[in-house]
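Here's the structure, in structure tokens; my notes come after.
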Amino acid sequence: MANILLAGTPQTTITVAQALMNAGHILVGVICPFPKQIGRKQIVTPCELEIWAVQHHTPVFHVDRTILQNKALELPPADMLVVADFGFLIPAWLLHHPSHGALNLHPSLLPRWRGAVPVPLTILAGDTETGITIMKMNEKFDEGAVVAQKHVEVLPDDTTPTLLTRAFEVGAQLLIEILPKYLTGTLQETPQPKDSLTPTTFRFTREDGFVPLEMLKTAINGKKLVGTLPLLEKYHIPLTVETLERMVRALTPWPGVWTKLPDRKRVKILETRIEGNQLKLKMIQFEGKTTERITNHHSLWSGRGS
Numbered sequence: 242m243a244n245i246l247l248a249g250t251p252q253t254t255i256t257v258a259q260a261l262m263n264a265g266h267i268l269v270g271v272i273c274p275f276p277k278q279i280g281r282k283q284i285v286t287p288c289e290l291e292i293w294a295v296q297h298h299t300p301v302f303h304v305d306r307t308i309l310q311n312k313a314l315e316l317p318p319a320d321m322l323v324v325a326d327f328g329f330l331i332p333a334w335l336l337h338h339p340s341h342g343a344l345n346l347h348p349s350l351l352p353r354w355r356g357a358v359p360v361p362l363t364i365l366a367g368d369t370e371t372g373i374t375i376m377k378m379n380e381k382f383d384e385g386a387v388v389a390q391k392h393v394e395v396l397p398d399d400t401t402p403t404l405l406t407r408a409f410e411v412g413a414q415l416l417i418e419i420l421p422k423y424l425t426g427t428l429q430e431t432p433q434p435k436d437s438l439t440p441t442t443f444r445f446t447r448e449d450g451f452v453p454l455e456m457l458k459t460a461i462n463g464k465k466l467v468g469t470l471p472l473l474e475k476y477h478i479p480l481t482v483e484t485l486e487r488m489v490r491a492l493t494p495w496p497g498v499w500t501k502l503p504d505r506k507r508v509k510i511l512e513t514r515i516e517g518n519q520l521k522l523k524m525i526q527f528e529g530k531t532t533e534r535i536t537n538h539h540s541l542w543s544g545r546g547s
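If you're matching positions, the sequence shown starts at 242 in the numbering used here and goes up one per residue.
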């Protein structure tokens, strides 16, 4: 059994943490961001991994970019570092801190969809299959040698949270399977190709979710869509009614797909379906209001709820 440091933030990291503990490995510490002010009341809230760690009496080590860059952190000895949905670039000193280096769980079949948001791009591009890659980390971003991969089916109604959850469940079990060989140095490593058929993915901005109202009207009326959207153009994805439906699922929960009404109020598009060649809006949220089912698209055009 190994002494392991785990770096991460959300629920998906907890899936990995629990699998490691269940397999008898010792978590000597978790590395995660400082608590943040959340919501309208700006309540200081720790990340999900920190909450889990405290409940399981596991030491917590808070970091930010400055701490990581300046090596301003005293960590316990460890056999290896496992990184799962962390959100920070791992500096060289941290990669070399454990005796057996670091492994990263990346939710795509590398080299496809490198970068920060592989799962949303998997859905947005219409991929029917993705996977989890466990790679040995180096100082380059998502370019380390692959030590294991496993395929994961993309379901027609997957959102980013559902696919991400499933991918990390598969990845956690795969990690447990390969750790004995990795720790003894008998696990084969496969260098990644330098080039990828897909661009590197980058974190979204709020504007990435904007769809002009006229474009939505066109899709709802079943007419041919023309032009593109900045997000689609960036990743070379054609604009179709199917793309808009996938975009709603891919950009859940952040930044969400949204538009502006004639009165300039924002409305979020939370759920859609395709019927024939038409986009049907199923659930929306007017700015400052609760979510609601929509049965009459005219209410959207008229700005009801403003």
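Virtual Cβ for every residue (Gly too), placed ideally from N, Cα, C.
Which whole-angstrom value describes the C-beta separation of LEU511 and THR532, a residue pair presumed to lie in contact below a C-beta threshold of 8 angstroms?
At roughly 6 angstroms, the Cβ-Cβ gap stays under 8 angstroms, so LEU511 and THR532 are in contact.
Grouping DSSP H, G and I as helix and E and B as strand, with all else coil, what is ALA491?
The answer is helix: DSSP assigns ALA491 an H, G or I state.
Between THR500 and LEU457, how many whole angstroms is the CB-CB distance? I'm expecting something under 8 angstroms.
Taking a contact as a CB-CB distance under 8 angstroms, the pair THR500 and LEU457 counts as one, their CB atoms being some 6 angstroms apart.
Between which two residues does the beta strand (DSSP E) harbouring PRO453 extend?
Run containing PRO453: none; DSSP gives neither H nor E here.
Per DSSP, the bridge partner or partners of GLY270
GLY270 is bridged by DSSP to LEU246.
DSSP state of GLN519, grouped into three classes?
Strand.
Compute the beta-carbon to beta-carbon distance between PHE329 and LEU350, rounded to the nearest angstrom, for a pair I have assumed lies under 8 angstroms.
Their Cβ separation, rounded to whole angstroms, is 23 angstroms, which puts PHE329 and LEU350 out of contact at 8 angstroms.
Opening and closing residue of the alpha helix (DSSP H) in which GLY412 lies
In the DSSP assignment, GLY412 falls within the alpha helix (DSSP H) that extends over 401-424.
CB LEU454 to CB LEU470, shorter than 8 angstroms?
No, they are not a contact pair.
Considering only the alpha carbon of each residue, which of GLU430, ARG514, MET321 and VAL388 lies closest to ASN244?
Minimum Cα distance to ASN244 is reached at MET321.
From ILE331, PRO318, ALA389 and ASN379, pick the residue whose C-alpha is nearest to that of LEU416; which is it?
Of the candidates ILE331, PRO318, ALA389 and ASN379, the one whose C-alpha sits nearest the C-alpha of LEU416 is ALA389.
Quick one: grab the DSSP three-state call for GLU370.
Residue state, collapsed to three classes: strand.
Top-ranked residue by Cα proximity to LEU247, from GLY270, GLU486 and ALA333:
Minimum Cα distance to LEU247 is reached at GLY270.
Residues near THR406 by beta carbon distance below 8 angstroms, same chain, minus five either side
Closer than 8 angstroms at Cβ, skipping near neighbours: GLN252, THR253 and THR256.
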